[in-house]
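See below for the structure under consideration.
So, in structure tokens, the structure goes:
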């Protein structure tokens, strides 16, 4: 078997492990899920699982890194852009899509906050949020406008959880959250 095929198969297995682990973490919680249960759900041996991940934390860290890479990319892009209203609106729009794409992980982090704080991903996520804050806040903005910008980001996070129990189309709910977040960013920019 050539190296590319072997690497792709290894990548598929890694992805399956991540998916199953996240499912189990969501079903029973991070603390109550064992590597043995992950291996059983995958119908592989524990040794096969260890080949890819030695601990549950390694699985969560890999998920976090894979699913939040777009946040890093967005922060880097935002740092190179002028602090215009259009740039900030685009940042919020892109961030909305990133959160939607990573919703299983974001939901896990919300529902397991104490665990996340204790794991290395807690500090990594905090640093990414500080990076997001820095690209949406104007350096000269007054405190109220800084709060509006930060509130726009938290509106997007909170909206994923609060609105999930409301009736309606998920895409319409995402658009409503995005509209409110964009309004906050627009108000803050006008104040600056």
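Residue numbers (the UniProt record's numbering): 1 to 192.
In this text, a Cβ means the ideal position worked out from N, Cα and C, and glycines have one as well.
All values derive from a computational prediction rather than experimental measurement.
Supposed contact pair residue 153 and residue 180 - C-beta distance, whole angstroms, cut 8 Å: Going by Cβ atoms, the distance from residue 180 to residue 153 rounds to 12 Å, so no, they are not a contact pair.
Identity of the residue in 19, 100 and 166 nearest residue 60 by Cα: Proximity to residue 60 across 19, 100 and 166 peaks at 19, based on C-alpha coordinates.
Whole-number beta carbon distance between residue 110 and residue 161, since they are thought to touch under 8 Å: Right, the Cβ-Cβ distance comes to about 6 Å (below 8 Å), so this counts as a contact.
Extent of the continuous alpha helix (DSSP H) run through residue 114: First-last of the alpha helix (DSSP H) with residue 114: 113-118.
Pairwise C-alpha distance: residue 141 and residue 10: With a pLDDT of 48 at residue 10, under the threshold of 50, the predicted position of this residue should be treated as unreliable, and no value is reported.
Cut-off 8 Å between Cβ atoms - residues of its own chain near residue 184, not counting five sequence neighbours on either side: Counting only Cβ-Cβ distances below 8 Å, and skipping sequence neighbours, we find 148, 149, 151, 152 and 155.
Residues near residue 26 by beta carbon distance below 8 Å, same chain, minus five either side: Non-local beta-carbon contacts of residue 26 in its own chain, meaning distances under 8 Å to residues more than five positions away in sequence, involve 104, 107, 108 and 111 in chain order.
Closest Cα partner of residue 64 within the set 122, 174 and 163: The candidate whose alpha carbon is nearest that of residue 64 is 122.
Integer Cβ distance of residue 102 from residue 67, believed to fall under 8 Å: Contact flag correct, Cβ pair sits at about 4 Å.
Buried/exposed call for residue 46, threshold 16 Cβ in 10 Å: Around the C-beta of residue 46, fewer than 16 other C-beta atoms lie within 10 Å, and the residue is accordingly described as exposed.
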